[in-house]
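What follows is a set of notes on a single structure, which appears directly below.
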């Protein structure tokens, strides 16, 4: 009985140590067009391929300096679990669907 308790406690402690690592690495990728950039508030407004408009803050202000995005740019945006933008990749000049990773492109193909 004592071994079972030790095993359960060990498993719980390991789970508590691993769970934050797994959730911190989770990210969502969206593709769309830039609607606006607010450098003062460190926020980006963009429209997704299906028409949703999102305004999200950036995790690091250097993201805005690095990419120099402007209204109308086609981009792929990576968002962390706190709904903050962690990465922006410009894909302007290319048709949106053909410049996306296959995992995202398949979502466009599945739309009615």
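In the numbering used here, the protein residues as written are 61 to 172.
We treat Cβ as the ideally placed atom computed from N, Cα and C, and that holds for glycine.
Spatial neighbours of residue i within its chain, please: C-beta separation below 6 Å, excluding the five flanking residues on both sides.
{"i": "residue 88", "result": "139"}
{"i": "residue 108", "result": "90 and 92"}
Using a Cβ-Cβ cut-off of 8 Å (strictly less than) and excluding sequence neighbours within five positions of residue i, which residues of its own chain qualify?
{"i": "residue 62", "result": "none"}
Assuming residue i contacts residue j under a Cβ cut-off of 8 Å, what Cβ separation, rounded to an integer in Å, is found between them?
{"i": "residue 90", "j": "residue 137", "result": "5 Å"}
{"i": "residue 142", "j": "residue 118", "result": "No, residue 142 and residue 118 are not in contact; Cβ-Cβ is about 11 Å, not under 8 Å."}
{"i": "residue 145", "j": "residue 123", "result": "6 Å"}
{"i": "residue 113", "j": "residue 127", "result": "With a Cβ gap of about 19 Å, residue 113 and residue 127 do not count as contacting."}
Give every residue of the same chain whose Cβ lies closer than 7 Å to the Cβ of residue i, excluding the five residues on either side of it in the sequence, and list them in chain order.
{"i": "residue 132", "result": "93 and 94"}
{"i": "residue 66", "result": "none"}
{"i": "residue 121", "result": "102"}
Among all the DSSP beta bridges, which residues are the ones paired with residue i?
{"i": "residue 91", "result": "136"}
{"i": "residue 115", "result": "105"}
{"i": "residue 145", "result": "118 and 139"}
Are residue i and residue j touching if we call contact CB-CB under 8 Å?
{"i": "residue 116", "j": "residue 104", "result": "yes"}
Taking one C-beta from the segment 89-99 and one from the segment 62-71 each time, how about it: are there three or more such pairs within less than 8 Å?
no
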